[in-house]
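Quick note, this note's numbering runs 671 ahead of the 1-based positions in the sequence shown. Heads up, the beta-carbon is just placed ideally off N, CA and C, and yes, glycines get one too. Note that the structure is predicted; figures quoted are calculated from it, not measured. Notes follow once the structure below has been shown.
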Amino acid sequence: MNVEVVMINGLSPWGNKHLIPHNSLREPLESLYRAHIGVIHHADLFNSSSILIWFSVAILMMFEVLILYLLS
672 MNVEVVMING
682 LSPWGNKHLI
692 PHNSLREPLE
702 SLYRAHIGVI
712 HHADLFNSSS
722 ILIWFSVAIL
732 MMFEVLILYL
742 LS
């Protein structure tokens, strides 16, 4: 079984919605529908846990993926 993992920048999750070289997206946002796991990095830089929870719920509802937090 293949598992699709997507890294999401918590500070700028969708950037300006442009792909490399115009921004940092490696694939179109529509590719998120293939993801099984979403990893939010820079999660430790959020100053409010409620924002992080809202962000996670929004992604779960939109994309039905498992969200992991990378706290560095």
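Can you grab the Cα-Cα spacing for the pair residue i / residue j, in whole Å?
i: E701; j: W685; result: 11 Å
i: R697; j: M672; result: 23 Å
i: V710; j: L682; result: 13 Å
i: V677; j: L703; result: 7 Å
i: S695; j: K688; result: 9 Å
i: I679; j: I691; result: 15 Å
i: H713; j: P699; result: 21 Å
i: L716; j: S727; result: 15 Å
For residue i, which three-state DSSP category applies?
i: L696; result: strand
Go to residue i, then tell me how far its beta strand (DSSP E) extends in each direction, as first and last residue.
i: H712; result: 708-712
i: N680; result: 676-680
Please determine, among the options, the residue with the shortest C-alpha to C-alpha distance to residue i.
i: V674; options: L690, A706, L716, H693; result: A706
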